[in-house]
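Protein chains: 4
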Amino acid sequence: MLEAVRQQVLEANLELVRRGLVIYTWGNVSAYDKDSGYVVIKPSGIEYEQLRAEDMVVLDLEGHVIEGHYKPSSDTPTHLVLYQHFPEIGAVVHTHSTWAAIFAQAGRDIPALGTTHADYFYGSVPCTRELTADEIRGEYEKNTGAVIAETFASRGISSCDVPAALVREHGPFTWGRDPQEAVYHAVVLEQVAKMAYHTMTLQQIGAEEKPMQLELLDKHYLRKHGANAYYGQ
Amino acid sequence: MLEAVRQQVLEANLELVRRGLVIYTWGNVSAYDKDSGYVVIKPSGIEYEQLRAEDMVVLDLEGHVIEGHYKPSSDTPTHLVLYQHFPEIGAVVHTHSTWAAIFAQAGRDIPALGTTHADYFYGSVPCTRELTADEIRGEYEKNTGAVIAETFASRGISSCDVPAALVREHGPFTWGRDPQEAVYHAVVLEQVAKMAYHTMTLQQIGAEEKPMQLELLDKHYLRKHGANAYYGQ
Amino acid sequence: MLEAVRQQVLEANLELVRRGLVIYTWGNVSAYDKDSGYVVIKPSGIEYEQLRAEDMVVLDLEGHVIEGHYKPSSDTPTHLVLYQHFPEIGAVVHTHSTWAAIFAQAGRDIPALGTTHADYFYGSVPCTRELTADEIRGEYEKNTGAVIAETFASRGISSCDVPAALVREHGPFTWGRDPQEAVYHAVVLEQVAKMAYHTMTLQQIGAEEKPMQLELLDKHYLRKHGANAYYGQ
Amino acid sequence: MLEAVRQQVLEANLELVRRGLVIYTWGNVSAYDKDSGYVVIKPSGIEYEQLRAEDMVVLDLEGHVIEGHYKPSSDTPTHLVLYQHFPEIGAVVHTHSTWAAIFAQAGRDIPALGTTHADYFYGSVPCTRELTADEIRGEYEKNTGAVIAETFASRGISSCDVPAALVREHGPFTWGRDPQEAVYHAVVLEQVAKMAYHTMTLQQIGAEEKPMQLELLDKHYLRKHGANAYYGQ
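Taken in order, these protein sequences are the chains called P, F, B and Y.
full-length UniProt numbering numbers the first residue of the first sequence as 1 and each following residue consecutively.
full-length UniProt numbering numbers the first residue of the second sequence as 1 and each following residue consecutively.
full-length UniProt numbering numbers the first residue of the third sequence as 1 and each following residue consecutively.
full-length UniProt numbering numbers the first residue of the fourth sequence as 1 and each following residue consecutively.
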């Protein structure tokens with residue numbers, strides 16, 4: 001059942017490792033198949049090297065396992081809530097990728113600071129509020145999805161315009177039309193988070209940098225360029 | 001037509017990926033062939049793994065396609081303006097490489113802070129002003145080239161002495177005599193941007209670092225060196 | 001003797017290199033075999049490329065060599081003290097991995113700042129006090145283990161809940177049920193240290209980041225998305 | 001002539017690339033052969049991929065070429081001065097490795113902040129003063145070596161105890177008994193510079209980091225560990 005989708009979900013999980021977003025098993029990808037109404041997701045706790053397409057778990061949107069010999073990822077309820085609230089999306093990715101998680105840990109949006117961000121995210125990537133103690137002790141994974149949906153609704157952000165969210169003190173979720181696009185968004189998110197972090201740090205530094213010695217600038221440039229060049233390492 | 005140039009442009013595009021300056025298709029290289037007066041540039045939106053020399057697009061300096069079965073890169077008008085204003089250059093590279101883009105996002109020049117910079121750039125690598133709302137809404141890609149040319153003209157910088165520019169809140173452009181040299185400059189720019197960022201940060205830190213415990217320094221150095229050495233991990 | 005354990009210890013040492021936690025020979029792994037009461041540890045100063053399972057050294061908990069044609073790692077007394085104080089552990093890893101060592105050099109705990117940390121460490125990873133001059137000049141490697149044990153005892157931390165410690169101005173030790181788990185904890189520690197460092201830095205930056213130009217955000221998002229998209233790199 | 005030494009010098013140059021200390025041709029290694037009194041050094045401006053042992057240049061200590069079909073590295077006079085002032089050394093390495101060069105650009109010593117540093121450098125790695133305008137315009141490369149020797153003499157540092165120096169606004173030089181050891185010291189220097197930079201930054205951050213939500217710490221730790229664990233990604 002859903003062989004092509006299983007294969008896409010498997011490939012997307014492996015791509016997370018190849019792209020350096022995931023160490024060990026710290027990530028998961030799912031896809032929503034509009035025709036059947038089923039979700040395909042990575043099984044829980046299997047090492048990536050051993051994952052096969054047939055190990056992917058098929059569920060309905062309420063979380064009932066339709067097919068699968070392993071348990072689905074423990075984060076499955078988060079994925080299901082996102083499919084329920086964002087009906088246009090076809091895949092969800094969760095990672096603890098370094099720079100996106102740093103913003104999540106600091107409880108901050110990733111602000112749009114340049115065109116690399118603007119090419120993919122139409123404004124800040126929002127960071128959710130803290131979950132309440134009750135939300136954590138209760139259906140935690142489901143509430144993790146709910147607080148993402150709440151953040152987008154309360155801030156009037158479209159899940160089409162900004163295909164990513166940070167869960168506070170946790171990490172990023174991204175989505176897309178299919179697993180490949182959701183992973184692509186996870187890669188871009190990590191890169192724009194890294195660039196935003198350092199841009200914000202650089203904005204803190206006044207314009208008082210001490211320039212280099214002018215004679216040394218002359219010497220090094222002119223020994224390699226122009227009529228009197230002589231240098232080779 | 002221009003087979004050798006197409007091959008150089010293809011190679012230069014792939015080299016950007018190998019050098020870690022480009023993820024996915026986020027970069028483009030063009031070359032200007034002085035004999036024919038034509039420009040060869042990467043086609044738009046083709047994945048790097050599938051690029052072949054014959055896919056490169058040949059245009060004249062006004063942007064008319066002379067040969068090519070794909071659309072040229074959407075950044076083509078920027079490249080063309082640079083060839084028009086900087087007649088001595090033979091190739092242009094555009095990337096969103098991390099550290100150069102961080103300076104662009106912060107709207108700052110990359111200052112010359114050491115000989116690594118001075119070996120290739122004869123002074124600061126300038127960052128342009130913001131484009132006006134009209135310039136953005138109008139011929140945006142062309143105006144991106146124009147603001148680079150304006151920056152060099154108004155600040156009296158020679159495009160030979162400083163073969164790179166940062167477009168504010170966007171990213172770097174570099175150039176050279178041929179695609180190989182333009183890519184070389186893109187690699188150097190990324191490295192000097194990374195070094196400048198951290199040098200500027202280090203300049204902020206006063207000289208009050210807490211040195212290590214002297215007994216521990218003695219112990220570790222002397223257990224590995226000299227007459228009484230005994231240590232091996 | 002203890003062939004399977006030797007093989008595990010060898011594999012774990014090599015895994016430290018593959019995971020980027022160790023350069024040259026800067027690390028060591030040992031295992032405690034509960035059945036025999038013996039410890040198996042890396043020999044001293046042998047290059048990793050040449051290490052074979054038979055080169056591992058077997059000792060008793062007092063440090064007497066039971067089997068081995070090389071000297072055991074000079075850090076052996078530290079490992080032995082940890083096995084004596086933390087009877088539930090089956091393996092110890094020592095590295096100078098970059099980010100964990102940075103916290104050790106700064107003399108600071110790695111605080112729990114997010115779920116990546118919380119998944120493996122139930123609270124801060126503690127940093128020890130400085131050793132006294134006498135402790136350094138005396139049985140230094142043994143005292144290094146003792147100060148870890150003292151830190152856990154005095155702060156009421158269970159070695160099960162927090163399988164890692166930082167030795168001040170030195171570096172991290174981690175442990176686990178077996179060499180594989182102890183290495184896993186060393187990898188996680190390095191990652192959470194890196195994330196904590198940058199989270200703490202980001203917490204220092206006020207919310208005053210200068211957002212990007214709105215027209216540029218519009219231009220870049222809308223030239224790639226929606227009805228009027230035209231862009232391809 | 002000196003075939004074994006040529007081979008060692010070649011290998012050491014290639015090792016700089018493999019260790020990530022050098023991009024393109026930005027580095028050079030030489031060796032001093034005590035028996036013949038000759039120096040073997042990398043030729044100038046040849047790409048590393050094409051370097052062969054027979055391309056190494058043999059010179060005497062005054063810089064006269066004894067054997068070689070290429071020009072010696074332009075940095076040769078710096079190497080020669082170091083052999084003249086530090087008679088116990090058998091090899092010299094020059095790189096622009098990122099983190100060491102950052103300290104050089106900031107004009108700062110690399111302070112000893114932990115045992116990784118203390119294992120190899122018995123105190124701070126010194127940064128030289130600026131060269132005077134006359135020293136730069138005159139025999140620049142020779143004066144670069146002289147200012148290193150002057151720094152060690154005036155600060156009473158032994159070149160045995162601290163086998164590395166930073167030339168201000170330029171980059172690091174390291175040395176050792178043979179090319180392999182000199183490269184080893186270059187690798188260690190880069191690592192301790194990286195760790196010192198971040199330690200100094202971390203020392204700037206007060207102890208006011210905002211810890212994570214306790215309920216979230218509990219939830220994540222306890223869903224993976226202990227009797228009620230249920231989590232798998």
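From the three backbone atoms N, C-alpha and C, an ideal C-beta is built for every residue, glycine too.
query, result
"Any C-beta of chain F under 7 angstroms from that of Met-200 (chain Y)", "yes"
"Same chain, Cβ closer than 6 angstroms to Pro-77 (chain F), neighbours up to 5 away in sequence not counted", "Glu-141 and Lys-142"
"Nearest candidate by alpha-carbon position, reference Gly-156 (chain B), set B:Val-192, B:His-185 and B:Pro-126", "B:Pro-126"
"Rounded C-alpha distance that separates Glu-215 (chain Y) from Glu-169 (chain P)", "12 angstroms"
"Where Gly-171 (chain B) meets chain Y, residues with beta-carbon distance less than 8 angstroms", "Gly-114, Thr-115 and Thr-116"
"Own chain residues within Cβ distance below 8 angstroms of Ala-118 (chain B), not counting five before or after", "Ala-112"
"Whole-angstrom distance between Glu-139 (chain F) and Tyr-221 (chain B), CA atom to CA atom", "16 angstroms"
"Listed by chain order, chain P residues near Ala-104 (chain F) by CB distance under 8 angstroms", "Gly-114"
"Secondary structure of Pro-179 (chain B), DSSP reduced to three states", "helix"
"Contact belief for Asp-35 (chain P) with Ala-91 (chain P) at Cβ below 8 angstroms, rounded distance in angstroms", "That belief does not hold up - the Cβ atoms of Asp-35 (chain P) and Ala-91 (chain P) are roughly 15 angstroms apart, past 8 angstroms."
"Neighbour flag for Glu-209 (chain P) against chain F, beta carbons, 7 angstroms", "yes"
"Rounded C-alpha distance that separates Leu-80 (chain F) from Tyr-184 (chain F)", "20 angstroms"
"Member of F:Tyr-32, F:Glu-47 and F:Glu-190 whose CA lies at the smallest distance from the CA of Ile-89 (chain F)", "F:Tyr-32"
"Per-residue contacts from Leu-216 (chain P) into chain Y (C-beta, under 8 angstroms)", "Glu-130, Leu-131, Ile-136, Glu-169 and His-170"
"DSSP three-state assignment for Ala-4 (chain F), whether helix, strand or coil", "helix"
"DSSP-derived helix/strand/coil call for Val-17 (chain F)", "helix"
"Cβ of Asp-119 (chain F) within 7 angstroms of any chain P Cβ", "yes"
"Rounded separation between Ser-74 (chain Y) and Tyr-120 (chain B) - CA only", "53 angstroms"
"Under 7 angstroms from the C-beta of Ala-101 (chain P): neighbouring residues of chain B", "Gly-114, Thr-116 and Met-195"
"Cβ shell of Ile-46 (chain Y) (< 8 angstroms), same chain only, five flanking positions each side left out", "Thr-25, Asp-55 and Tyr-70"
"Residue span of the alpha helix (DSSP H) that contains His-85 (chain F), given as start and end", "76-85"
"Beta-carbon proximity check, Thr-174 (chain F) vs Val-93 (chain F), cutoff 7 angstroms", "yes"
"Distance between Ile-66 (chain F) and Pro-72 (chain F) (C-alpha atoms, nearest Å)", "11 angstroms"
"Beta bridge counterpart(s) of Gly-27 (chain B) as assigned by DSSP", "B:Thr-95"
"Pair within 7 angstroms by beta-carbon distance, Thr-144 (chain Y) and Val-162 (chain Y)", "no"
"Euclidean distance between Cα positions of Asp-60 (chain F) and Ile-41 (chain F)", "11 angstroms"
"For Pro-43 (chain Y): DSSP bridge partner residues", "Y:Pro-72"
"Residues that DSSP places opposite Asn-173 (chain P) in a beta bridge", "The sequence as given places Phe at residue 173 (chain P); Asn does not occur at that position. Answer is P:His-94 and P:Ala-165, bridged to Phe-173 (chain P)."
"Alpha-carbon spacing of Gln-203 (chain Y) relative to Glu-209 (chain F), whole angstroms", "7 angstroms"
"Backbone secondary structure at Val-187 (chain B) - three-state DSSP", "helix"
"Contacts that Met-56 (chain F) makes with chain B (C-beta to C-beta distance below 8 angstroms)", "Within 8 angstroms Cβ-Cβ: nothing; Met-56 (chain F) doesn't reach chain B, min ~14 angstroms."
"Unbroken beta strand (DSSP E) run spanning Asp-60 (chain Y), endpoints", "57-60"
"Length of the line joining the Cα atoms of Pro-211 (chain B) and Ile-205 (chain P)", "16 angstroms"
"Residue(s) in a DSSP beta bridge with Val-65 (chain F)", "F:Leu-59"
"Three-state class that DSSP yields for Val-125 (chain B) in the structure shown", "strand"
"Cut-off 8 angstroms between Cβ atoms - residues of its own chain near Val-187 (chain P), not counting five sequence neighbours on either side", "Arg-19 and Leu-21"
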